[in-house]
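Trainee: Residue numbers (this note's numbering), protein chains in the order written: chain U, -1 to 214; chain H, -1 to 214. The beta-carbon is built from N, C-alpha and C at its ideal position, and this holds for glycine as well. I am attaching a structure below and will ask some questions about it afterwards.
Protein chains: 2
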Amino acid sequence: MARTAGSDGEKTEATIREAAVNLIARLGYEAMSMRQLAAEVGVQAAALYRYFPTKEELLFTLMREHMEDLATAWEAARPANADSAQLLSAYVRNHIAFHIERRHATHVSNMELRSLSPERLTHILRMRTAYEKELRAILRDGDETGAFSIDDTGLTAMALIQMMTGVIVWFRPGERLSIAEVTTTYLSMTMRLVGATIDAYSAARPFGRAKDAAAF
Amino acid sequence: MARTAGSDGEKTEATIREAAVNLIARLGYEAMSMRQLAAEVGVQAAALYRYFPTKEELLFTLMREHMEDLATAWEAARPANADSAQLLSAYVRNHIAFHIERRHATHVSNMELRSLSPERLTHILRMRTAYEKELRAILRDGDETGAFSIDDTGLTAMALIQMMTGVIVWFRPGERLSIAEVTTTYLSMTMRLVGATIDAYSAARPFGRAKDAAAF
DNA sequence: GCAATAATAAAACGAACGTTCAATTAATTC
DNA sequence: GAATTAATTGAACGTTCGTTTTATTATTGC
């Protein structure tokens, strides 16, 4: 009938966020109804509007925070005083780890862009572009200093990001490959792709050849 | 009012298919209404049901035919009596050309899988797996004969397909790069990625180095 | 030109949608 | 322990959805 015993706004909001990410990832934003989300949370649909004014605002919040978290993770993972190969290695490691850990949120951020209003879409795309720009800068630097040999840095950056993000499509934790094995193989493919010199390549991977990934 | 002057079933069906691919690619399957589609075709919503029994059957038809066309295109493009590098080169060329040419249909086939019933989803995934299997076989052969040097053929196949299909996300005809330039650069990246030997690499690319792509 | 058939319109169906509003109860404050 | 605030319910609103039914007109075959 009304306020329920033990109800807590903060907890409810966190539960909504979590349930929304999972439901949208599974069903898609348009296919998920507010009533379905409410049922998952264990609440009536009207209660959701205490935390998010509209369905689209809920989607936008999930996406914006995901992009913010990605930027924060990269800032923390970015090594100081590192050469091109080390920077690229750190970028790849962080990207794969982050996206595997947040498969559902990534799925939402990649697939539901068209459900955003133009202004909100621009906001998210700007954050995404800023993140991709970091990779382009690493590739350009490496190409100029001779650490890499790249035909087209812009195109290569897009190819790398699509290749890495694609992991979430097929990767399932606990199956044939571990996260460490996948990361090592992707690092190997990345270094080959950018034409990294052997020295730079080895320096960025001090733990042996890719074939030994299982030893991680 | 009823049957309109000059109306023709075959033409109407073709128009529906075309409009549906474009609308679904732009708005998403769930967001596109049958009334919207009908308006685009220039017909009342009820008329659509003369050609497709349900909305989902329409989606499935678009996807199935897209996958059939992809398989057919590869059969035609596949060279006989070719070595691993030539086979891989043909696969990459065909994949990129096909997907750029049918950006919208590819978008639909990749993004709207979750709107299919389990049986129809299985059907489409089976076709997709069969197509990907061809690439895995090429990579395995090349690795065994020494033409390539690959850590994990399954993982590499997925990475390559995601990288190549990703083209449709950012490529716009008539902008900075031509299809030929994009294809050449992707070929170069692919050959590096699989660790192709220089000989096999050059043999598959008789028109010079990737940097010369603009001359195409 | 008349019968048969193909192609469409117009209207309606029930169900589901996002959202709002008033009422109600739990927790907090003083 | 009364007043205030926080959290939620239940019912309802108008709209839109996919789909069906019935009637009507254009085209085709004889």
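#1: May I ask which residues mark the beginning and end of the alpha helix (DSSP H) holding residue 140 (chain H)?
#2: Quick one: list the residues of chain H neighbouring residue 168 (chain U), beta-carbon separation under 7 Å, in chain order.
#3: Residue ranges of each alpha helix (DSSP H) run of no fewer than 4 residues wholly in the stretch 143 to 176 of chain H, ordered along the chain?
#4: Which term fits residue 172 (chain H), buried or exposed, when burial requires 16 or more other beta carbons within 10 angstroms of its beta carbon?
#5: Count the other CB atoms within 10 Å of the CB of residue 87 (chain U); is the residue buried (16 or more) or exposed (fewer)?
#6: Using a Cβ cut-off of 8 Å, pull out every chain H residue sitting near residue 120 (chain U), in sequence order please.
#7: Give me the Cβ distance between residue 146 (chain H) and residue 192 (chain H), rounded to the nearest whole Å; I'm assuming they're in contact under 8 Å.
#8: Taking Cβ positions only, does residue 149 (chain U) come closer than 9 Å to chain H?
#9: Would you mind sorting residue 212 (chain H) into buried or exposed? The rule is 16 or more other CB atoms within 10 Å of its CB.
#10: Reducing DSSP to helix, strand and coil, say where residue 180 (chain H) ends up.
#11: Under 7 Å, CB to CB, which of the residues in the stretch 26 to 60 of chain H have a partner in chain U?
#12: Pop quiz: residue 98 (chain H) and residue 50 (chain H) are said to be a contact at Cβ under 8 Å. What is the actual Cβ separation, rounded to whole angstroms?
#13: Are residue 162 (chain H) and residue 154 (chain U) close, meaning C-beta to C-beta below 9 Å?
#14: Identify, in the order they occur along the chain, each residue of the same chain with its Cβ nearer than 6 Å to the Cβ of residue 210 (chain H), setting aside the five sequence neighbours on each side.
#15: Mapping the DSSP letters down to three states, classify residue 198 (chain H) as helix, strand or coil.
#16: Nearest chain H C-beta to residue 21 (chain U) closer than 9 Å, yes or no?
#17: Would you grab the beta carbon distance between residue 114 (chain H) and residue 25 (chain H) for me? Rounded to a whole angstrom, and I think it's under 8 Å.
#18: Please list the partners that residue 164 (chain U) has in chain H, where partner means a Cβ-to-Cβ separation under 9 Å.
#19: Going by CA-CA distance only, name the one from H:138, H:134, H:180, H:29 that's closest to residue 232 (chain H).
#20: So is residue 140 (chain H) in contact with chain U if we call contact Cβ pairs under 9 Å?
#21: Using only the alpha-carbon positions, how far apart do residue 149 (chain U) and residue 190 (chain H) sit?
#22: Residue 186 (chain U) touches chain H at which residues, Cβ-Cβ below 8 Å?
#23: Which class does residue 59 (chain U) belong to by DSSP, given the choice of helix, strand or coil?
#24: Nearest-angstrom Cα distance between residue 29 (chain U) and residue 31 (chain H)?
#25: For residue 190 (chain U), return the contacting residues in chain H, with the cut-off set at a CB-CB distance below 7 Å.
#26: Measure the Cβ-Cβ separation of residue 106 (chain H) and residue 23 (chain H) and say whether it is below 9 Å.
#27: How big is the Cα-Cα spacing for residue 73 (chain H) and residue 112 (chain H)?
#28: Does the separation of the CB atoms of residue 140 (chain U) and residue 194 (chain U) fall below 9 Å?
#29: Residues of chain U with CB under 8 Å from residue 109 (chain H), in chain order?
#30: Give a single yes or no on whether residue 158 (chain H) has its beta carbon closer than 8 Å to a heavy atom of the ligand GTP.
#31: Does residue 180 (chain U) come within less than 9 Å of chain H when only Cβ atoms are used?
#32: Look at the alpha carbon of residue 167 (chain H) and the alpha carbon of residue 137 (chain U), and state the distance between them as a whole number of angstroms.
#33: From H:52, H:77, H:17, pick the residue whose C-alpha is nearest to that of residue 92 (chain H); which is it?
#34: Under 9 Å between the Cβ atoms of residue 60 (chain H) and residue 126 (chain H)?
Mentor: So, from the data block:
#1: In the second sequence, the residue the question calls residue 140 (chain H) occupies position 142. Here the alpha helix (DSSP H) through residue 140 (chain H) covers 116 to 143.
#2: Within the first sequence, residue 168 (chain U) is the residue found at index 170, counting from 1. Result: 156.
#3: Counting only runs of 4 or more, we get 151 to 163, 165 to 168.
#4: Position 174 of the second sequence, counting from 1, holds the residue named residue 172 (chain H). The residue in question, residue 172 (chain H), is exposed, as its Cβ has fewer than 16 Cβ neighbours within 10 Å.
#5: Here the question's residue 87 (chain U) lines up with position 89 in the first sequence. Residue environment analysis places residue 87 (chain U) among the buried positions, since at least 16 neighbouring C-beta atoms fall within 10 angstroms of its C-beta.
#6: Your numbering for residue 120 (chain U) matches position 122 in the first sequence. Within chain H, no residue comes near residue 120 (chain U); the closest Cβ sits about 16 Å away, beyond 8 Å.
#7: Translated into the one-based positions of the second sequence, residue 146 (chain H) becomes position 148. Translated into the one-based positions of the second sequence, residue 192 (chain H) becomes position 194. The distance from the Cβ of residue 146 (chain H) to that of residue 192 (chain H) is about 4 Å, consistent with a contact at the 8 Å cut-off.
#8: Your numbering for residue 149 (chain U) matches position 151 in the first sequence. Proximity of residue 149 (chain U) to chain H, defined by a Cβ-Cβ separation below 9 Å, is satisfied.
#9: By 1-based counting over the second sequence, the position of residue 212 (chain H) is 214. For residue 212 (chain H), the predicted structure reports a pLDDT of 38, less than 50, and the residue's modelled location is therefore unreliable. The matter cannot be settled from this model.
#10: Indexing the second sequence from 1 puts residue 180 (chain H) at position 182. In the structure shown, residue 180 (chain H) falls within a helical segment according to DSSP collapsed to helix, strand and coil.
#11: Residues are counted here when their Cβ sits less than 7 Å from a Cβ of chain U; for the stretch 26 to 60 of chain H these are 26, 28, 29, given in chain order.
#12: Within the second sequence, the letter at position 100 stands for residue 98 (chain H). Within the second sequence, the letter at position 52 stands for residue 50 (chain H). So it is not a contact: roughly 27 Å between Cβ atoms.
#13: Indexing the second sequence from 1 puts residue 162 (chain H) at position 164. Indexing the first sequence from 1 puts residue 154 (chain U) at position 156. Between residue 162 (chain H) and residue 154 (chain U), the C-beta gap is not smaller than 9 Å, which leaves the two residues out of contact.
#14: By 1-based counting over the second sequence, the position of residue 210 (chain H) is 212. Confidence at residue 210 (chain H) is low in this model, with a pLDDT of 40, below 50, so the placement of that residue should be treated as unreliable; the coordinate-derived value is given next. Once the five neighbours on either side are set aside, residue 210 (chain H) has no close Cβ partner at all.
#15: Taking the first residue of the second sequence as 1, we reach residue 198 (chain H) at position 200. Interpretation of residue 198 (chain H) is limited by its pLDDT of 49, a score under 50 that renders its predicted location unreliable; the figure taken from the coordinates is listed afterwards. DSSP places residue 198 (chain H) within a helical segment (H, G or I) once states are collapsed to three.
#16: Counting from 1 along the first sequence, the entry for residue 21 (chain U) is found at position 23. For residue 21 (chain U), no CB of chain H lies under 9 Å from its own CB, so it is not counted at the interface with that chain.
#17: Walking along the second sequence from the start, residue 114 (chain H) turns up at place 116. Walking along the second sequence from the start, residue 25 (chain H) turns up at place 27. The pair is not a contact, with the Cβ atoms about 18 Å apart (cut-off 8 Å).
#18: Here residue 164 (chain U) corresponds to residue number 166 of the first sequence, with the count starting at 1. Chain-order list of chain H residues neighbouring residue 164 (chain U): 156, 157, 159, 160, 161, 163, 164, by C-beta distance under 9 Å.
#19: Outside the displayed span of chain H (-1 to 214) sits residue 232 (chain H), for which this structure offers no information.
#20: Residue 140 (chain H) sits at position 142 when you count from the first residue of the second sequence. With its beta carbon at least 9 Å from every one in chain U, residue 140 (chain H) lies outside the interface.
#21: For the purposes of this step, residue 149 (chain U) is taken as residue 151 along the first sequence, with counting starting at 1. For the purposes of this step, residue 190 (chain H) is taken as residue 192 along the second sequence, with counting starting at 1. When rounded, the distance between both Cα atoms is 12 Å.
#22: Locating residue 186 (chain U) in the first sequence gives position 188, counting from the first residue. Near residue 186 (chain U) (Cβ distances below 8 Å), the residues of chain H are 149.
#23: Here residue 59 (chain U) corresponds to residue number 61 of the first sequence, with the count starting at 1. DSSP places residue 59 (chain U) in helix when its eight states are reduced to three.
#24: As a first step, residue 29 (chain U) must be located in the first sequence, where it is residue number 31. As a first step, residue 31 (chain H) must be located in the second sequence, where it is residue number 33. C-alpha separation (whole angstroms): 13 Å.
#25: Counting from one through the first sequence, the residue named residue 190 (chain U) turns up at place 192. What residue 190 (chain U) touches in chain H, judged by beta-carbon distance under 7 Å, is 190, 191, 193, going in chain order.
#26: To locate residue 106 (chain H), count along the second sequence from 1; it is residue 108. To locate residue 23 (chain H), count along the second sequence from 1; it is residue 25. Against a cut-off of 9 Å, the Cβ pair of residue 23 (chain H) and residue 106 (chain H) comes out as a contact.
#27: Walking along the second sequence from the start, residue 73 (chain H) turns up at place 75. Walking along the second sequence from the start, residue 112 (chain H) turns up at place 114. Between residue 73 (chain H) and residue 112 (chain H), the C-alpha separation is close to 28 Å.
#28: In the first sequence, residue 140 (chain U) corresponds to position 142, counting from 1. In the first sequence, residue 194 (chain U) corresponds to position 196, counting from 1. For the pair residue 140 (chain U) and residue 194 (chain U), the CB atoms are nearer than the 9 Å cut-off.
#29: Start at 1 with the first residue of the second sequence, and residue 109 (chain H) comes out as number 111. Taking the beta carbon of residue 109 (chain H) as reference, the chain U residues within 8 Å of it are 109, listed in sequence order.
#30: With respect to the ligand GTP, the structure shown offers nothing to examine, as it has no ligands at all.
#31: As a working mapping, residue 180 (chain U) is identified with position 182 in the first sequence. At least one chain H Cβ lies under 9 Å of residue 180 (chain U).
#32: To locate residue 167 (chain H), count along the second sequence from 1; it is residue 169. To locate residue 137 (chain U), count along the first sequence from 1; it is residue 139. Taking the straight line joining both Cα atoms gives about 21 Å.
#33: Position 94 of the second sequence, counting from 1, holds the residue named residue 92 (chain H). Of the candidates H:52, H:77, H:17, the residue whose Cα lies closest to the Cα of residue 92 (chain H) is H:77.
#34: As a first step, residue 60 (chain H) must be located in the second sequence, where it is residue number 62. As a first step, residue 126 (chain H) must be located in the second sequence, where it is residue number 128. No. Outside cutoff.
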